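Engineer: First the structure, which I've put down as structure tokens, then a few questions once you've had a look.
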Ligand code: SF4
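Numbering (our numbering), first residue to last: 1411 to 1476.
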């Protein structure tokens, strides 16, 4: 299944992904960005434009489709 992935080692915590697509990207209790668990392929498909926008604007260039 195609889903977004994050290379957390490159994340600069700019929060842009959360601003653009809060249904997918969240900040965990430790303060790091995570992809929400248990999202279906249909949800990724319906949010594909927002996810692509987050990938394009990611300051750390650490988001991609996996
Ligand atoms: S947009 Fe990229 S660098 Fe910014 S918080 Fe999200 S994953 Fe990290």
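Heads up, the beta-carbon is just placed ideally off N, CA and C, and yes, glycines get one too.
Here the structure is a predicted model, which means the values were calculated and not measured.
Grouping DSSP H, G and I as helix and E and B as strand, with all else coil, what is residue 1450?
Structural biologist: Coil at residue 1450, not helix or strand.
Engineer: Going by the beta-carbon positions, is the gap between residue 1443 and residue 1436 smaller than 9 Å?
Structural biologist: Contact flag set, yes.
Engineer: Can you determine whether any heavy atom of the ligand SF4 sits closer than 8 Å to the C-beta of residue 1425, and answer yes or no?
Structural biologist: Flag set: Cβ of residue 1425 near the ligand SF4.
Engineer: Out of curiosity, what's the CA-to-CA distance linking residue 1445 and residue 1466?
Structural biologist: One C-alpha to the other measures close to 16 Å.
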